[in-house]
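Structure record follows, encoded as structure tokens.
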Amino acid sequence: MTNDGVGARLRYVRLRHGLSQRALAKKAGVVNSTISLIESGKANPSVGALKRILDAVPIGLAEFFSLTPDRSEKAFYASEELVEIGKGRISYRQVGDALFGRALQLLKERYEPGADTGRIPLAHDGEEGGIVLSGRLEVTVDDERRILGPGDAYYFSSRRPHRFRCIGPLPCEVVSACTPPSF
6 MTNDGVGARL RYVRLRHGLS QRALAKKAGV VNSTISLIES GKANPSVGAL KRILDAVPIG
66 LAEFFSLTPD RSEKAFYASE ELVEIGKGRI SYRQVGDALF GRALQLLKER YEPGADTGRI
126 PLAHDGEEGG IVLSGRLEVT VDDERRILGP GDAYYFSSRR PHRFRCIGPL PCEVVSACTP
186 PSF
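Just remember that our numbering sits 5 ahead of the position in the sequence shown, which is counted from 1.
Here it is as structure tokens:
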């Protein structure tokens with residue numbers, strides 16, 4: 006699936022309407038993971054299922070498939086313009102508000118002490134990398150685990166199961182990039 010596929014379009018529409026994946030799933034009457042799976046390209050919904058999800062936005066199928074990405078020529082973003090797409094004890098502040106049609110996602114991440122991406126490792130298409138700015142971040146990729154501090158970095162194929170966790174009493178800040186956009 007290309008970045009202009011169903012998943013990327015759904016993410017674009019969801020964010021333009023200010024909905025989290027969880028909120029859209031609830032409004033559409035589907036399980037939470039459904040939206041995430043579609044957006045990441047791991048699930049291809051039937052027309053009926055897609056219509057049910059889009060009705061919760063609301064947007065029609067014809068309008069959904071006729072969307073074209075906003076090709077913003079904007080090159081600079083003030084700190085307050087970064088878009089929060091995280092939740093709870095993990096903040097993901099994204100550069101740019103809509104990544105539909107774009108190949109790269111750039112984030113400023115903040116993990117509160119003890120914050121964790123979850124016991125079940127993440128895995129998705131693409132590549133990702135990051136540089137720790139402050140604090141200590143435990144990064145697990147496959148069976149390899151490292152604790153990274155300021156200036157340390159990671160870079161790997163996102164298909165490899167991975168997990169992130171803030172270690173120690175201080176928050177951890179990271180600047181990261183992934184391609185294609187996966188949040």
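Heads up, the beta-carbon is just placed ideally off N, CA and C, and yes, glycines get one too.
Assigned secondary structure, LYS31 (DSSP; H/G/I helix, E/B strand, else coil): helix
Kindly indicate which three-state DSSP category VAL100 falls into: helix, strand or coil? coil
DSSP-derived helix/strand/coil call for ILE58: helix
Ignore the nearest five residues each way along the sequence and tell me which others in LEU59's own chain have a CB closer than 6 Å to its CB. Once the five neighbours on either side are set aside, the close Cβ partners of LEU59 are PHE69.
Buried or exposed: ILE81, going by 16 or more other Cβ atoms within 10 Å of its Cβ? In the sequence under discussion, the amino acid at residue 81 is Phe, which differs from the Ile named in the question. Burial call: exposed.
Residues that DSSP places opposite PHE169 in a beta bridge: VAL144
Could you check the C-alpha separation between VAL18 and ARG94 for me, to the nearest Å? Taking the CA atoms as reference points, VAL18 sits about 25 Å from ARG94.
Grouping DSSP H, G and I as helix and E and B as strand, with all else coil, what is THR7? Caution is warranted here: a pLDDT of 38 is assigned to THR7, below 50, making its placement in the model unreliable, and no coordinate value can be reported.
Any idea which residues DSSP pairs SER181 with across the strands? LEU112 and GLY135
Here's the rule: buried if 16 or more other CB atoms are within 10 angstroms of the residue's CB, otherwise exposed. What is GLU114? buried
With a 10 Å radius around its C-beta and 16 neighbouring C-beta atoms as the bar for buried, classify SER71 as buried or exposed. exposed
Taking buried to mean at least 16 other C-beta atoms within 10 Å of its own C-beta, is TYR160 buried or exposed? Here TYR160 is exposed, its C-beta having fewer than 16 other C-beta atoms within 10 Å.
Distance, GLU149 Cα to THR27 Cα: The displayed chain sequence assigns Arg, not Thr, to residue 27. For ARG27 and GLU149, the distance between alpha carbons rounds to 31 Å.
With DSSP run on the structure shown, which of helix, strand or coil describes TYR82? coil
Should LEU66 be labelled buried (16 or more other beta-carbon atoms within 10 Å of its own) or exposed? Result: exposed.
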